[in-house]
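Student: Protein chains in written order, with our numbering: chain R, 1 to 395; chain L, 1 to 379; chain X, 1 to 321.
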Amino acid sequence: MLRKRIHKIPLLVMCVLIAATLVIAGCGEKTVDTSKSVFKIGAVLSLTGPAAPLGEPEQRALMLLEEELNDGEGVDGHKVEFIIEDDESQPEKAKAAITKLINQEKVPAVIGSSSTGATLAMAPVAESSKVPLVCCAAGTKITDPVMPYVFRTPPTDSMAIEKVLDYLENSLKVEKIAILHDANAFGTGGADELSQKAPDAGIEIVARESYGSTDTDMTAQLTKIKGTDAEAIVVWGTNPGPASIAKNMQQLAMEIPYVGSHGIANKKFIELAGTASEGVVFPAGKLLIPESIEEGSEWRQAVDDFAQAYEDKYNMEIDTFAAHGYDAGLIVTEAMKMAGTGTDSQAIRDAIEEIEEFVGIDGIYTFSAKNHDGLSADDLIMIEVKDGDWVEKTS
Amino acid sequence: MAGRKASRCDVERKEEPLKRAQRRDYRTLALVTGFILLVPAWAWLLPGDVIHMDIVNIMVFAGIYTFVVIGLNLLVGYAGQISLGHAAFFGIGAYTTAILCCRFTWFPTWLGVLAGVAVAGLIGWLVGVPVLRLKGHYLAMATLGLGEIAVILFAELKGLTGGTIGIPQGLNVKVSQIPALSIFGFDFDTDLKLFFLVWVLAAVVMLLSINIIRSRVGRSLRALHSSEVAADAMGVDTSRQKTRVFVLSAMLAAFGGAIFAHFQRYINPESFVLSVSILFITMVVVGGMGNLWGGVVGVITLTFLPSIIQALPYWIPGVPSGLMNFSNYSLMLYGALLVVFVMFMPQGIAAGLSKAAAYGENRFKQLRDRAGARKYEGH
Amino acid sequence: MARREVSRKTLLTVTAVFIAAVAGLTLALKGSTGLQWIVSGLTVGSIYALVAMGFSVIYSSTRVINFAQGEFSMLGGMLMYSIYMRAGLPLPLAFLVSVLIVTLIGAGLERATIHPLRNQSVISVIIVTIGLAIFIRATAKLIWGSEPVKVASFTGDKPLRFLGASIVPQSFWVFGLTLLAFVLVFLFFDRTLLGKGMRAAAANPDAASLMGISSSTSSLVAWTMAAALGAAAGIVIAPINFAYYYAGTMLGLKGFTAAILGGLGSASGAVVGGLLLGVLETIVAGVFPSGYKSAVAFVILILVLLIRPEGLLGRSEGVKV
């Protein structure tokens, strides 16, 4: 189904351009059959504040999806409208935004938010209002334990950690590692889980240090780690911290392998760290290296088409966050199609749990009553920075 | 203008001015409370897809912040002591009740709120006694530092506070959200119920504050503000008064924070950072320092402002859809409006409004007089 | 007054001895690791010092704390990215153009928003600077996006190594600018008539106007200087810190902290405060669990203030009756 839609891309792009011209002309009207009611879908994303680099691509992807749907057949012939709210990267704003979307805009389903804290703040509202929430955040605690109305698109931190431990144990064959993590929710959550699971892989954590999200010099923590017998360093955080760490390690002539998190899975890391990024290995979705997906498969096609449409519309490369946002939109609209309704929250929620082998950009989704994470660790690969670009790291 | 003043003096001669002011405050309080409690009625009349705001939800936020801002106004506006760390007390209130109620499911939530207030009062006293010796920007810096330390402790004392993951998910507990506030078996589990609770309590706090500022304590506070040395010389125990107000404001902030926790049902350190402290002080100044009503006006203005800005494109027909998701512009507009407010109403919105009202009244009188004069001439 | 001077000198000595003792102890106990901490701390500290001087300049002439000071540095870094990295202008020219633009913005903002409030309370003006900070940040995000950008180091990235410690060449640019800025600010306020007059204008506007310096001119000059200083700081630290629209918040907070620690309103206070804060943070991060780094730094700051309520090198303003 997805493929069918996406084959029309060049045509769609033209329509998009025409529509955009109309919009700019101040008309604001879209060339879609309006006899049927509009299906509204809410979205709360971090468009400003520290998590904005996550929320912005998600927003772009959703707006792209909206255009694609409405220039095609919509959802069962209904026009789709994403109502996007900004949570300013603050949990209380996220909660206020979802309350407004549900109470005032009467949306049957909500997408978001971009970060774990904001999502956890939204979850109680989704639960008590019985409205499905499909989030774009990776924190393990969001779906563990499973809450009936909370779903997730991106690969979880757990999956990334599994991948990293597997790499440390089987490819690098190290026994002692150091962790250096951002003191925020993402970094601390990852470090906690890593420390918990490492012993099972026969790996000992010899040092665990943290840094503030806006810190720019981590040499103190690194010299501490240098003084231990760590054979590798795992850095858990999002830009720009990990880039500073790579540069500091180069400055201190630390030669031990640098293993990053999926938080650095965009090209910014390479741009910021420069030559210091060479040899850094991190887990990420396969979409970053489409060649790693089987040629001719439905998934590969979806990724290529999405990348092309995104590039055409925004003149930017796709990143993992764009994929999360796009997939969240796809999952909700797919559930609407399956349930045959664009208004009944309960039916949409039930339909999400029925989704099976559904091809998105991040991977192939299968939900169930017990599993609200659509993806699995198999959808991730390890990527190495080589000559200023990404290559798949195969063991 | 002169005429007005004279007539006011006449009345004041008959009645003690303080009493009169107090009575005026009571009347305003009754009016304002009545007006606010009616908000859900007309919010209900305005459908959501027309105004694109959740007025009741925003008003709950405003009510919660009102506690903090009333306390902060007593401290900043009346006693003249600046604090850039009140989000810490807000957080202490929230964390105390959240931890107690999530760890011990039998723990009554209202007792959790009171515990939060008590803990914040104690901590406020412990840090207030030494820190209040500082003055001006140095006091601001010290309170800012205390606020930052509190946020770091919220994030780092993982066993107690659930760290950056927050409560309840970061704690090893069975509950999946912080329980709703419950008083004598009545659950305040919807925005509407909380709205009434919060604003009735806010009215009570306001009543108490009016009495405080009109009392001897209030007079010595104002003396403190205008000149600490003079107040000292007049026999006001300045350091004791300062500490008292500081503790009171800490307790009020904690009270707001504790209700905030039961309203949010989930908390993490991000809700108690420096920018929140700055927001509180901004509410005080934008509304009107040293004017309790000003504080309330400041809270309501600044809580509604972002929502109004975000709803703007929906209100104006024919806005290109590219502007619909315009979070960048909305923050710019927010910053610009903040500047404009202070520039045009440096004494606060409340004073600005009453000045405008007085101007309007005068103008009206002038026009009336002129019209009367013309009529007279005509005859 | 004389006694005050003596005690300041004593205090300087005490501070110097204390710093030397901490440094010596760290070196003795940790060897090259300790040296690395001090070197890194000095780099970070110089960054704080540069921003702190901007705070000082505005404070000593208007008594206002400018919460938008960090945003000037952010703008400097961002403009440098556009002009130096994207447009490809030569380094010195790009530097000058960036500083000039931010200076004009600073002066313009002062005339548009601060000047009209000249007769209002200091706290109103401070809230206006908070509004300005939000506005500048949002505008920067609109122009440059939310992702950090890279500004290339002025003279390469090859670290210099000595005695087991290492330092990146850009750090020397930061040291150099800090020194230059300090000398210029110091000379301006202590040796020029305008500078002295500006300080007097803050303390006593009437007396200053007799000297021919109005508080209005004083405020304009101070904001212009602070914007230029902030921009220059943002530009030299961009290759170390990266430039992004949110960077001003952290810089502002640290700069304010450093300015208070050293004592508001004196250039030497800003430098001492900045360096001390930077070295402290780094040593604390090295010795304690690093999550508590900022907390320990703030505890020390509060302790310093309790012992010396006007900051390390600040002048007690006397009590106003």
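Even for Gly, the Cβ is constructed at its ideal location relative to N, Cα and C.
(1) With distance defined between alpha-carbon atoms, name the residue in R:Gly340, R:Gln221 and R:Gly139 nearest to Asp413 (chain R).
(2) Contact between the stretch 82 to 98 of chain X and the stretch 286 to 294 of chain X is defined here as three or more beta-carbon pairs at a separation below 8 angstroms; is this criterion met?
(3) Assuming Cys136 (chain R) is part of the beta strand (DSSP E), what are its boundary residues?
(4) To which residues of the same chain is Glu349 (chain X) closer than 7 angstroms at the C-beta, ignoring the five residues directly before and after it?
(5) Looking only at its chain, what residues have a beta carbon closer than 6 angstroms to the beta carbon of Glu12 (chain L), apart from the 5 residues adjacent to it on each side?
(6) In chain R, which residues lie with their C-beta within 8 angstroms of the C-beta of Pro169 (chain X)?
(7) Would you check if the distance between the CB atom of Ala68 (chain X) and the CB atom of Ile130 (chain X) is smaller than 9 angstroms?
(8) Spell out a yes or no on whether the stretch 273 to 283 of chain X and the stretch 38 to 58 of chain X are touching, meaning 3 or more CB-CB pairs, one atom from each, closer than 8 angstroms.
(9) Would you call the stretch 368 to 375 of chain R and the stretch 149 to 162 of chain R in contact, with 3 or more CB pairs under 8 angstroms?
(10) Relative to chain X, which residues along the stretch 209 to 234 of chain R have a C-beta separation below 7 angstroms, given in chain order?
(11) At the 9 angstroms Cβ level, is Thr282 (chain L) part of the contact set with chain X, yes or no?
(12) Report the option in X:Thr103, X:Ser146, X:Phe186 and X:Leu91 whose CA atom is closest to the CA atom of Phe242 (chain X).
(13) I'd like the list of long-range same chain contacts for Thr99 (chain R), defined as Cβ closer than 7 angstroms, with 5 residues on each side in sequence excluded.
(14) Among residues of its own chain, excluding the 5 on either side of Gly170 (chain L), which ones have a beta-carbon nearer than 6 angstroms to its beta-carbon?
(15) Bridge partners of Met382 (chain R), per DSSP?
(16) In the DSSP assignment, what are the bridge partners of Gly31 (chain X)?
(17) If you run the structure through DSSP and keep just helix, strand and coil, what is Leu134 (chain L)?
(18) How is Leu75 (chain X) classed by DSSP in three states: helix, strand or coil?
(19) For a cutoff of 9 angstroms on Cβ pairs, would you count Asn463 (chain L) as touching chain X?
(20) Decide if the stretch 94 to 107 of chain X is in contact with the stretch 255 to 266 of chain X; the criterion is three or more beta carbon pairs, one per stretch, under 8 angstroms apart.
(21) Between which two residues does the beta strand (DSSP E) holding Ser210 (chain R) run?
(22) If you reduce the DSSP assignment to three classes, tell me which class His78 (chain R) lands in.
(23) Per the DSSP calculation, Phe162 (chain X) is bridged to which residue(s)?
(24) In angstroms with no decimal places, state the Cα-to-Cα distance between Ile213 (chain L) and Leu221 (chain L).
(25) Out of curiosity, what's the CA-to-CA distance linking Val245 (chain L) and Ser209 (chain L)?
(26) Closest Cβ-Cβ distance between Val125 (chain X) and chain R: below 9 angstroms?
(27) For Tyr334 (chain L), collect the residues of the same chain with a Cβ closer than 8 angstroms to its Cβ; drop the 5 residues on either side in sequence, then sort them by chain order.
(28) Can you tell me whether Asp190 (chain X) is buried or exposed, with buried defined as 16 or more other CB within 10 angstroms of its CB?
(29) Rounded to whole angstroms, what is the Cα-Cα separation between Ala52 (chain R) and Gln90 (chain R)?
(30) My guess is that Val280 (chain R) and Val146 (chain R) are in contact by the Cβ rule of under 8 angstroms, so how many angstroms apart are they, rounded?
(31) Going by DSSP in three states, Leu22 (chain R) sits in which element: helix, strand or coil?
(32) Nearest to Gly70 (chain X) by alpha carbon, out of X:Val22, X:Ile19, X:Ile134 and X:Phe175?
(33) Taking the straight line between their C-alpha atoms, what separation do you get for Arg265 (chain L) and Gln177 (chain L)?
(34) Report the three-state DSSP secondary structure of His262 (chain L) (helix, strand or coil).
(35) Output, in sequence order along the chain, the residues in the stretch 216 to 245 of chain X whose CB is closer than 9 angstroms to any CB in chain R.
(36) Got a sec? Which residues, its chain only, sit under 8 angstroms from Val304 (chain X) by beta carbon, not counting five neighbours each side?
Tutor: According to the data block:
(1) With chain R represented from 1 up to 395, any question about residue 413 (chain R) goes unanswered, as that position is not in the structure.
(2) no
(3) Here Cys136 (chain R) belongs to no beta strand (DSSP E), and DSSP marks it neither H nor E.
(4) The structure shown does not extend to residue 349 (chain X), since chain X is modelled only from 1 to 321, so the question has no answer here.
(5) Confidence at Glu12 (chain L) is low in this model, with a pLDDT of 43, below 50, so its placement is unreliable and no value can be given for it.
(6) Within chain R, no residue comes near Pro169 (chain X); the closest Cβ sits about 10 angstroms away, beyond 8 angstroms.
(7) yes
(8) yes
(9) yes
(10) Glu209, Ser210, Tyr211, Gly212, Thr214, Thr216, Asp217, Thr219, Ala220, Gln221, Thr223, Lys224 and Gly227
(11) yes
(12) X:Ser146
(13) Counting only Cβ-Cβ distances below 7 angstroms, and skipping sequence neighbours, we find Val125.
(14) Gly162 and Gly163
(15) R:Pro283
(16) Per DSSP, none; premise fails for Gly31 (chain X).
(17) coil
(18) helix
(19) Residue 463 (chain L) cannot be examined here, being either before or after the span of chain L that is shown, 1 to 379.
(20) no
(21) Glu204 to Tyr211
(22) If DSSP states are grouped into helix, strand and coil, His78 (chain R) belongs with the strands.
(23) X:Ala165
(24) 8 angstroms
(25) 11 angstroms
(26) no
(27) Leu305, Pro306 and Ile309
(28) Taking a 10 Å sphere around the C-beta of Asp190 (chain X), we find fewer than 16 other C-beta atoms and assign the residue as exposed.
(29) Approximately 11 angstroms, taken between the alpha carbons.
(30) With a Cβ gap of about 34 angstroms, Val280 (chain R) and Val146 (chain R) do not count as contacting.
(31) Low local confidence applies: a pLDDT of 42 at Leu22 (chain R) is under 50, so the model's placement there is unreliable, and no value is given.
(32) X:Ile134
(33) 5 angstroms
(34) helix
(35) Ile237, Ile240, Asn241, Phe242, Tyr244 and Tyr245
(36) Leu261, Gly311 and Leu312
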